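Heads up, the thing below is written out as structure tokens.
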Amino acid sequence: MATSRAGEAVSASSVGPALLLGGAGILLSRTIVLLTGDARTVLKRWVMTLTVVEMMIDLATGVAAARWWRSSAPGHGRLALRAGAMATLLHAGRVLVFVVGRTGPWVDFDVRSEHREGHRERWSWNGVVFAAVMSVLGVVGVVVVWRARRRSLGAACPRR
Numbered sequence: 003m004a005t006s007r008a009g010e011a012v013s014a015s016s017v018g019p020a021l022l023l024g025g026a027g028i029l030l031s032r033t034i035v036l037l038t039g040d041a042r043t044v045l046k047r048w049v050m051t052l053t054v055v056e057m058m059i060d061l062a063t064g065v066a067a068a069r070w071w072r073s074s075a076p077g078h079g080r081l082a083l084r085a086g087a088m089a090t091l092l093h094a095g096r097v098l099v100f101v102v103g104r105t106g107p108w109v110d111f112d113v114r115s116e117h118r119e120g121h122r123e124r125w126s127w128n129g130v131v132f133a134a135v136m137s138v139l140g141v142v143g144v145v146v147v148w149r150a151r152r153r154s155l156g157a158a159c160p161r162r
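The sequence shown begins at 3 in the numbering used here and counts up one residue at a time.
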């Protein structure tokens, strides 16, 4: 069993909730930064609605992960993981909208027309590619965790 800096034992069962809580915190903080910036005036209403819904799911994920971390109850883990998967997939969808809005014939389809010129100058290709890669990694993480949990639950519950 590993130990923390304080010398306390860190169980393997507390790593998952801690990582989920950290991930939810990162998504929540990035969404809050986006909302407190000029996104409300620049982005179209449907994109802002997706952003607010993502923020609420991120908050629910953080609360569920904290509850799971505190209790270590399997039922709390199931709820936290489902909320985290939903937040990750919604975030990936929002990033897809962002990436598509920077390329091809759909340039700035997610931005209000009066803000399109200034918005084009704000983003570099490095930022767009970084957002896309991180989002793909998040979706891959969801699939890996889902398959691992499914495999472990399948081993615990033999089929009839």
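We put the CB at the ideal spot given by N, CA and C, even for glycine.
As the structure is a computational prediction, the values presented were derived from the model and not from experiment.
Report the rounded CA-to-CA distance for residue i versus residue j, giving the unit in angstroms.
i: R122; j: L155; result: 48 Å
i: L98; j: L139; result: 13 Å
i: D110; j: V135; result: 20 Å
i: R72; j: I59; result: 20 Å
i: L81; j: L91; result: 15 Å
i: S126; j: W48; result: 24 Å
i: R124; j: S15; result: 42 Å
i: V44; j: V54; result: 15 Å
i: I28; j: V141; result: 16 Å
i: V42; j: R153; result: For the sequence presented, residue 42 should be read as Arg rather than Val. So the alpha carbons of these two residues sit roughly 43 Å apart.
Can you tell me whether residue i is buried or exposed, with buried defined as 16 or more other CB within 10 angstroms of its CB?
i: D112; result: buried
i: P19; result: buried
i: G9; result: Here G9 scores only 49 on pLDDT, less than 50, and its place in the model is too uncertain to base an answer on.
i: T33; result: buried
i: R149; result: exposed
i: R104; result: buried
i: W70; result: buried
Taking residue i and residue j to be in contact with their CB atoms under 8 Å, please state how far apart those CB atoms are, rounded to whole angstroms.
i: T63; j: G86; result: 5 Å
Check whether the Cβ atoms of residue i and residue j lie closer than 8 Å to each other.
i: S137; j: A67; result: no
i: L52; j: R96; result: yes
i: L61; j: L30; result: yes
i: A89; j: E56; result: yes
i: A101; j: A133; result: According to the sequence provided, residue 101 is Val. The question's Ala does not apply to it. Result yes, Cβ atoms of V101 and A133 sit closer than 8 Å.
Going by DSSP, name the residue or residues bridged to residue i.
i: V113; result: L45
Is there at least one non-hydrogen atom of the ligand HEM closer than 7 Å to the beta-carbon of residue i?
i: E56; result: Questions concerning the ligand HEM fall outside what the structure shown contains, since it holds no ligand whatsoever.
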